[in-house]
Amino acid sequence: MFDISFMELLVISMVALIVIGPERLPAVARTIGHLYGRCRSFVYSIRTDIHNEMRMEELKKMHHSMQDTIHTIEDSVQQHADQLKTTIDDGVSKQQSSVDQVSQDTDAGAPRPRTDDTSARPINSVENNKNH
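Right under this line is the structure:
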């Protein structure tokens, strides 16, 4: 706060000794010291409060920024989830319509594919004799 040199302090002490007198000088010096300490404490308290308020404002800004980012991410994820659901629903619908089309063709008399494997194999008389 104040930059007082030794010479200035010596001049102030001599003037105070002359004006106040040697009897009351110690009590006045204690009172001045006490007031100076309280003043420094008050200034430190104000400085700390201002610093804390500045930090609080920074934290509030950071909080709002994080909230905005979170909302943006949530919206993006929701949008992608909706797109994925639409794509899956479209695929299921197309697959279902293909199955329905095959079912209609089969019901209309279209030849069914053969499911028995025995008709495709040649009959070997040697194998038939061994099994019987």
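What the sequence shown shows, in the numbering used here, is residues 3 to 134, in sequence order. Glycine included, every Cβ here is placed at the ideal spot set by N, Cα and C. The structure displayed is predicted, hence computed values, not measured ones.
About 15 Å separates the CB atoms of Ile22 and Val13; that is not less than 8 Å, and the two are not in contact.
In the DSSP assignment, Ile20 falls within the alpha helix (DSSP H) that extends over 8 to 22.
C-alpha of Ser105 to C-alpha of Thr88: approximately 25 Å in a straight line.
Leu27 is a Cβ neighbour of Ala18, given a cutoff of 8 Å.
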